[in-house]
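Visitor: Please find one structure pasted underneath; my questions will follow.
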Amino acid sequence: MIPEYLLRALFASMMISVLLGMLSPLINMKGLAFLTHATFHSLLFGAVLGMILGLLVGNLGIIVWVALVVTVVVVIIIAEIENRGFTSDTAIGIISSFVAGATVLGFGILYKVTASKPYFALSESIVAYLTGEVFLITISDLEMLIFGGFLLFLLMFLLYRDFLYVSFDPEGVESYGGNVRAYLMILYIIVGAIGALIVKTVGLITLQVVAVLPGAIAMMLSDDLRKIVGISLFLTLSIEILSIFLAYATNIPPSGIATILLGVIYGTLVFRK
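Residue numbering for the sequence shown follows numbering that gives the first Met the number 0, beginning at 0 and increasing consecutively.
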């Protein structure tokens, strides 16, 4: 009989695979790898801020929500700076410097707050956030992941073609009356929201790799857009499920296994060229 925690991990991995499998081609086609790096670092700041507020109010359940709000605000600011004429790298670099400084400052405050609350396992909480804890996902966590993931998937599905047009021909979209700024803002928010939703299960350290490589591999294997999305979805789902079973057998974090497997596939394709 399959343990209940393993079933929860499998269901969570399926939802994560759908979200990242759809998002990864967009990240690669629009050139958002640097954005995901900055976005996912803002998740750490949001988590630290959430821990501080959670300890002060006595409710650590707000950590995910605080991380979500912080990340969405960060990506909106990045998109707004980019819309004002700055390059994407410049906008991300400006915000990333503030996020990095705020994260370090937040850790200092967090240590002071936890000094008065010795029962709070700070190191374990940070490590779990960095490496992921999919085997420890609760029913309520899974429900939030499925519900939030379904909404984000639906939004991506409805606007996917528009996102592709914006990625390849923003001037053409504008010439037909499309609002490139709005599409860009929505896409950035989706990237941040998906990151905040799944970071607790995937882990901050490996999140960027799992979000970028499936789409990059798919684009190396095909030039057809539908096939790229299909390959990305299949690859992400296969790697996530395989990593769950390997982690169950070896007691190694599944996020680390998934990252290594994706790296091996990507490296093999690169050296075969």
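Every residue gets a Cβ at the ideal spot worked out from N, C-alpha and C, and that includes glycine.
(1) Does the stretch 15-33 touch the stretch 203-211, meaning 3 or more C-beta pairs lie closer than 8 Å?
(2) Count Cβ pairs between the stretch 227-237 and the stretch 17-25 that sit closer than 8 Å; are there 3 or more?
(3) GLU132 by DSSP, collapsed to three states: which one?
(4) Buried or exposed: which applies to ALA114, given that a residue is buried once 16 or more other Cβ atoms fall within 10 Å of its Cβ?
(5) Within a Cβ cutoff of 7 Å, which residues of the same chain sit near ILE136, ignoring the five residues on either side of it in sequence?
(6) What does the alpha-carbon distance come out to for the pair SER221 and THR235?
(7) Assuming ALA215 contacts TYR247 (C-beta within less than 8 Å), just tell me the rounded distance between them.
(8) Grouping DSSP H, G and I as helix and E and B as strand, with all else coil, what is ASN250?
(9) Along the chain, which unbroken stretches of the alpha helix (DSSP H) at least 4 residues long are found entirely within the stretch 3-57?
(10) Which word fits LEU55, buried or exposed, when buried means at least 16 other C-beta atoms lie within 10 angstroms of its C-beta?
(11) Taking the alpha carbon of VAL68 as the reference point, which residue from SER41, GLY84, LEU154 and SER242 has its own alpha carbon closest?
(12) Which residue comes first and which comes last in the alpha helix (DSSP H) that contains PHE97?
(13) Is THR130 near GLY202, with beta carbons less than 7 Å apart?
(14) By Cβ distance below 7 Å, which residues in the same chain neighbour ILE238 in space, the five residues on each side in sequence not counted?
(15) Which class does ILE1 belong to by DSSP, given the choice of helix, strand or coil?
(16) Closest by CA to VAL74, which one among LEU183, PRO213, PHE106 and PRO169?
(17) Alpha carbon to alpha carbon, what distance is there between GLY255 and ASP161?
(18) Note the first and the last residue of the continuous alpha helix (DSSP H) segment covering LEU61.
(19) With a CB to CB cut of under 7 Å and the five nearest residues on each side skipped, what residues in its chain are close to LEU48?
(20) Report yes if the C-beta distance between PHE152 and VAL17 is below 7 Å; otherwise report no.
Guide: Based on what the coordinates show:
(1) Flag = yes, the stretch 203-211 and the stretch 15-33 touch.
(2) Yes, the stretch 227-237 is in contact with the stretch 17-25.
(3) Numbered from 1 along the sequence shown, position 133 holds the residue referred to as residue 132. GLU132 falls in the coil class under three-state DSSP.
(4) By 1-based counting over the sequence shown, the position of residue 114 is 115. Label assigned to ALA114: exposed.
(5) On the sequence shown, residue 136 is found 137 positions in, with the first residue counted as 1. Contacts found: ARG7, ALA8, ALA11 and THR200.
(6) If you number the sequence shown from 1, residue 221 lands on position 222. If you number the sequence shown from 1, residue 235 lands on position 236. Rounded to whole angstroms, SER221 to THR235 spans 16 Å at the Cα level.
(7) Taking the first residue of the sequence shown as 1, we reach residue 215 at position 216. Taking the first residue of the sequence shown as 1, we reach residue 247 at position 248. Contact flag wrong, Cβ pair sits at about 28 Å.
(8) Working through the sequence shown from its first residue, we reach residue 250 at position 251. Looking at ASN250 - three-state DSSP - the assignment turns out to be coil, as it is neither helix nor strand.
(9) Those alpha helix (DSSP H) runs which fall completely within the stretch 3-57 and span 4+ residues are 3-29 and 32-56.
(10) Here residue 55 is taken as the residue at index 56 of the sequence shown, counted from 1. LEU55 should be labelled exposed.
(11) Indexing the sequence shown from 1 puts residue 68 at position 69. The residue with the shortest Cα to Cα distance from VAL68 is SER41.
(12) Position 98 of the sequence shown holds residue 97. Here the alpha helix (DSSP H) through PHE97 covers 87-114.
(13) Within the sequence shown, residue 130 is the residue found at index 131, counting from 1. Within the sequence shown, residue 202 is the residue found at index 203, counting from 1. Taking 7 Å as the Cβ cut-off, THR130 and GLY202 qualify as a contacting pair.
(14) Translated into the one-based positions of the sequence shown, residue 238 becomes position 239. Cβ within range, chain order: ALA257, LEU260 and LEU261.
(15) Locating residue 1 in the sequence shown gives position 2, where the first residue counts as 1. For ILE1, the three-state secondary structure derived from DSSP is coil.
(16) As a first step, residue 74 must be located in the sequence shown, where it is residue number 75. Checking every option, the nearest Cα to that of VAL74 belongs to LEU183.
(17) Position 162 of the sequence shown, counted from the start, is the residue given in the question as residue 161. Position 256 of the sequence shown, counted from the start, is the residue given in the question as residue 255. Using only the alpha carbons, I get a separation of about 34 Å.
(18) Indexing the sequence shown from 1 puts residue 61 at position 62. For clarity, residue 61 is Ile in the given sequence; the question names Leu instead. Element bounds for ILE61: n/a, residue is neither H nor E.
(19) Residue numbering aside, residue 48 sits at position 49 when the sequence shown is read from its first letter. The answer, listed in chain order, is VAL65, VAL69 and GLY105.
(20) Residue mapping note: residue 152 aligns to position 153 of the sequence shown, counting from 1. Residue mapping note: residue 17 aligns to position 18 of the sequence shown, counting from 1. Contact: yes.
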